[in-house]
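Residue numbers (our numbering): 145 to 536.
Reading through the structure tokens given below for one structure.
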């Protein structure tokens with residue numbers, strides 16, 4: 145089996161939603177993967193911020209093996225201890241020291257977590273949502289209704305409404321559209337798919353205050369930014385902001401499909417029996433893996449590692465003084481390398497040929513979201529190669 149063999153079959157077997165991928169990956173270890181031709185790559189994307197512990201982490205492999213040999217799936221007609229334990233862990237993580245009750249709905253993905261959150265907002269009885277320009281919340285019709293990109297939205301319109309759009313980071317614009325008909329304001333603490341854009345300092349706290357003033361829910365989409373990616377369990381919590389509804393996925397399962405919608409306070413009881421459901425969400429295997437990921441991040445000090453290593457990486461890249469690079473933005477190990485020309489796809493291709501996996505969410509931005517276990521020595525390989533990549 146080679147790259148060419150498998151990719152030759154891909155086009156005939158698979159719907160063309162992703163085009164033809166450039167490589168066939170067959171195994172991984174830590175932040176490294178190998179393709180079908182035996183070529184190694186430093187994975188600086190981690191399956192789009194998913195593989196928080198890298199590939200084949202021994203504690204995750206052991207947890208999967210043990211739980212799979214015991215019980216994998218039972219549906220939500222029954223309960224399992226791992227499911228309840230994960231719910232308790234996430235409730236405490238999101239509620240923090242607020243003293244408020246919290247409840248979790250477990251899903252398979254971030255999109256599904258956002259669908260559950262959307263239903264929570266509908267049950268407030270208020271008709272309107274406020275979403276941010278540049279946002280990304282998923283591809284299902286509900287999640288798409290609060291995703292900004294016209295290219296994603298327009299083929300499937302009309303979408304569920306009533307959504308008001310405001311510029312990300314503009315508190316005055318948000319204040320101008322708030323009212324007693326607003327069910328929720330939906331926000332990413334850092335806009336990952338928009339190129340790792342952080343809002344101005346204090347903006348998120350201002351959003352929280354406006355939601356409180358108007359009795360609206362603050363819905364924080366931490367699907368990409370949560371579970372250590374930005375250097376804290378939640379990117380919002382590092383700013384001292386608590387959401388009423390928080391959605392999680394990606395890094396929560398370390399590569400295993402799992403997501404969660406966690407609601408706090410009065411929002412925690414809005415979804416009642418029959419309002420929502422899932423067949424696979426919260427199955428014992430997924431819950432066990434998620435609990436293991438949380439334990440490893442905590443025991444290995446990966447929150448601090450993500451903060452310190454991410455800051456070092458941004459400084460190392462900017463320290464190169466490349467005329468082709470404007471600056472590095474983002475937080476923790478979610479970083480956007482902003483280029484001075486819209487040639488990110490060409491740089492991405494050059495990086496792949498040189499043995500580095502990155503992606504280009506915007507024409508002038510490279511996104512770096514490596515596993516939280518990546519070392520500075522491994523990242524230095526990319527830093528050393530970057531001058532040649534941006535000039536390729």
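The beta carbon of each residue, even a glycine, is placed where N, CA and C say it ideally should be.
Given the structure is predicted, the values throughout are model-derived calculations rather than measurements.
Considering only C-alpha positions, which residue in the set 371, 238, 179 and 225 is nearest to residue 384? That would be 238, whose Cα lies nearest to the Cα of residue 384.
Hey, would you say residue 364 sits closer than 8 Å to residue 321, going by beta carbons? The answer is no: Cβ separation not under 8 Å.
Residue 536 and residue 490: beta carbons closer than 8 Å? Going by beta carbons, residue 536 and residue 490 fall inside the 8 Å limit.
Cβ-based burial, residue 501 [other Cβ within 10 Å; buried from 16]: Burial of residue 501 is indicated by the presence of at least 16 other C-beta atoms within 10 angstroms of its C-beta.
Taking 8 Å as the cut-off, does the stretch 519 to 526 touch the stretch 449 to 465 (at least 3 CB pairs, one atom from each stretch)? The stretch 449 to 465, when compared against the stretch 519 to 526, does touch it at the 8 Å Cβ threshold.
So, with DSSP's three-state summary, where would you put residue 500? Strand.
So the candidates are 380, 399, 462 and 325; which of them puts its Cα closest to the Cα of residue 190? Per the C-alpha coordinates, the member of 380, 399, 462 and 325 positioned closest to residue 190 is 399.
Label residue 333 either buried or exposed according to how many other C-beta atoms from any shown protein chain fall within 10 Å of its C-beta, with 16 as the threshold for buried. In summary, residue 333 is buried, with 16 or more beta-carbon neighbours lying within 10 Å of its beta-carbon over all protein chains present.
Residues that DSSP places opposite residue 335 in a beta bridge: BP columns for residue 335 point to 341.
For residue 396 versus residue 404, is the C-beta distance shorter than 8 Å? Closer than 8 Å, so yes.
Nearest residue (CA-CA) to residue 181, options 411, 171 and 255: Ranking 411, 171 and 255 by Cα distance to residue 181 puts 171 first.
Per DSSP, residue 199 forms a beta bridge with which residues? Residue pairing by DSSP puts residue 199 in a beta bridge opposite 174.
Given residue 498, which residues of its chain have a CB within under 8 Å of its CB, disregarding the five upstream and five downstream residues? In its chain, beyond the 5 residues on either side, 529, 532 and 533 have a beta carbon closer than 8 Å to the beta carbon of residue 498.
Helix, strand or coil for residue 443, going by three-state DSSP, please let me know. Helix, per DSSP.
Please state the DSSP three-state secondary structure of residue 478. Strand at residue 478.
Buried or exposed, going by whether 16 or more other CB atoms sit within 10 Å of the CB of residue 159? Burial call: exposed.
Alpha carbon of residue 269 to alpha carbon of residue 327, nearest angstrom: Going from the Cα of residue 269 to the Cα of residue 327 covers about 7 Å.
Start and end of the beta strand (DSSP E) containing residue 408? For residue 408, the uninterrupted beta strand (DSSP E) segment begins and ends at 403 to 408.
Residue burial classification, residue 186 (beta-carbon count within 10 angstroms, cutoff 16): Burial call: buried.
As assigned by DSSP and simplified to three states, the class of residue 515: It is coil, neither helix nor strand.
In whole angstroms, what separates the C-alpha of residue 488 from that of residue 294? Approximately 20 Å, taken between the alpha carbons.
Does the Cβ-Cβ distance between residue 248 and residue 437 come in under 8 Å? When the beta-carbon positions are compared, residue 248 and residue 437 stay at least 8 Å from each other.
Report yes if the C-beta distance between residue 343 and residue 296 is below 8 Å; otherwise report no. No. Outside cutoff.
If you compare alpha carbons, which of 196, 147, 192 and 183 is closest to residue 447? Of 196, 147, 192 and 183, the residue nearest in Cα terms is 196.
Coarse secondary structure for residue 420, derived from DSSP in three states: In the three-state reduction of the DSSP assignment, residue 420 falls in the coil class, being assigned neither a helical nor a strand state.
Suppose you measure from the CA of residue 244 to the CA of residue 207; what does that come to, to the nearest Å? Looking at the two C-alpha atoms, the distance is approximately 32 Å.
Below 8 Å between beta carbons: does that hold for residue 472 and residue 480? Against a cut-off of 8 Å, the Cβ pair of residue 480 and residue 472 comes out as a contact.
Give the secondary structure of residue 506 by DSSP, where H, G and I count as helix, E and B as strand, and everything else as coil. Annotated three-state conformation of residue 506 is strand, per DSSP.
If contact is defined by three or more beta carbon pairs under 8 Å, each pair taking one atom from either stretch, is the stretch 368 to 378 in contact with the stretch 220 to 233? No: fewer than three Cβ pairs fall under 8 Å.
Would you give the residue range spanned by the alpha helix (DSSP H) that residue 264 belongs to? Per DSSP, residue 264 belongs to the alpha helix (DSSP H) from 254 to 266.
Given residue 361, which residues of its chain have a CB within under 7 Å of its CB, disregarding the five upstream and five downstream residues? So the list reads 265, 268, 327, 328, 355, 388, 389 and 411, once near-sequence residues are dropped.
DSSP puts residue 184 in a beta bridge; with which residues? Paired residue(s): 178.
What separation, rounded to the nearest whole angstrom, lies between the Cα atoms of residue 431 and residue 401? Cα to Cα, residue 431 sits roughly 10 Å from residue 401.
Residue 308 to residue 281, Cα distance in whole Å? Taking the Cα positions, residue 308 is about 15 Å away from residue 281.
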